Each structure stands twice: as C-alpha cells, then as structure tokens.
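Residue 583 in the numbering used here is what sits at position 46 of the sequence shown, and the numbering runs on without skipping anything.
We put the CB at the ideal spot given by N, CA and C, even for glycine.
Computed from a predicted model, the values in this text were never measured in an experiment.
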Amino acid sequence: MDRSRVYRIVFASVYPLYIKKAEAKGRTKEEVDAIIFWLTGYNKQTLQKQIDKKNDFETFFDQAPALNPDVSKITGVICGYRVEEIEDKLIQKMRYLDKLIDELAKGRAMEKILRK
C-alpha cells in the first residue's frame with residue numbers, strides 16, 4: 538500500500554461518504570458527528586474548519602484536540618486488519634474512525650459505539 542497516498546486523502550472528501558453510509562442505514566449526520574467529536578475532541582466549529590480547509594487525514598488527526606483515551610477499547614477487524622494491531626498510528630486512527638462508522642451503519646447503539 539502506498540502510505541503517502543493514503544496520508545494525502547482529504548478528510549472533507551470522505552466525510553460525506555460517512556454520512557451517506559450512515560443515512561442509508563437510517564442513522565443521522567448528527568450521530569456521525571458525535572462519533573468524530575468523541576474520537577478526536579473536535580466540536581462542531583472546529584470540525585467545520587477542518588472540512589473548509591480541506592485538510593488531509595494526517596493534518597486532521599495531527600490537529601485533533603485530543604484523541605479519546607478509550608480508543609484502546611475499539612477492537613475488531615476492518616478491511617481485513619485488526620484495528621488494535623495496526624502499527625502505523627495514522628492508519629490506525631483512520632481505521633478507528635472507519636470501524637466506528639461501520640458500527641453505526643450496522644445499527645449498534647451509540648452508547649456502545651462510544652464505549653460507555
């Protein structure tokens with residue numbers, strides 16, 4: 538895998554896909570945002586700034602206020618890889634987000650997705 542290409546993926550280009558995936562399964566944009574807020578520490582305004590700036594995922598996660606300390610509770614397989622075993626920290630963070638959005642689309646309760 539060309540990691541430099543993955544690092545340059547623009548968050549704003551993927552964000553609508555997260556929303557589309559969630560809404561196709563009867564979930565909401567607000568739930569997608571709640572997941573992103575929980576994972577990264579962004580809020581509505583700071584997330585919108587990231588989208589407006591068209592920052593790539595590397596910048597998106599580098600500028601995140603605080604990665605949630607409960608990320609270690611996110612386990613399982615996404616795209617054929619166990620998220621807890623991914624060595625590249627940026628790829629791992631991207632996969633954490635993918636995993637949480639997948640759980641949302643599969644109908645899991647928000648309190649379980651947010652590891653409460």
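{"Query": "Do you know how far the Cα of G563 is from the Cα of K626?", "Result": "31 Å"}
{"Query": "Below 6 Å CB to CB, which residues in the same chain sit around I572 once its five sequence neighbours on both sides are set aside?", "Result": "L637"}
{"Query": "What's the C-alpha gap between D593 and V551?", "Result": "10 Å"}
{"Query": "Find the nearest neighbour of C736 within the set M631, A603, V569 and E567, judged by alpha-carbon distance.", "Result": "For residue 736 there is no data in the structure shown, the boundaries of the chain being 538 and 653."}
{"Query": "Figure out for me which residue from I628, K610, D635 and Q585 has the closest Cα to the Cα of S541.", "Result": "I628"}
{"Query": "For the alpha helix (DSSP H) that E567 lies in, which residues bound it at each end?", "Result": "K566 to T577"}
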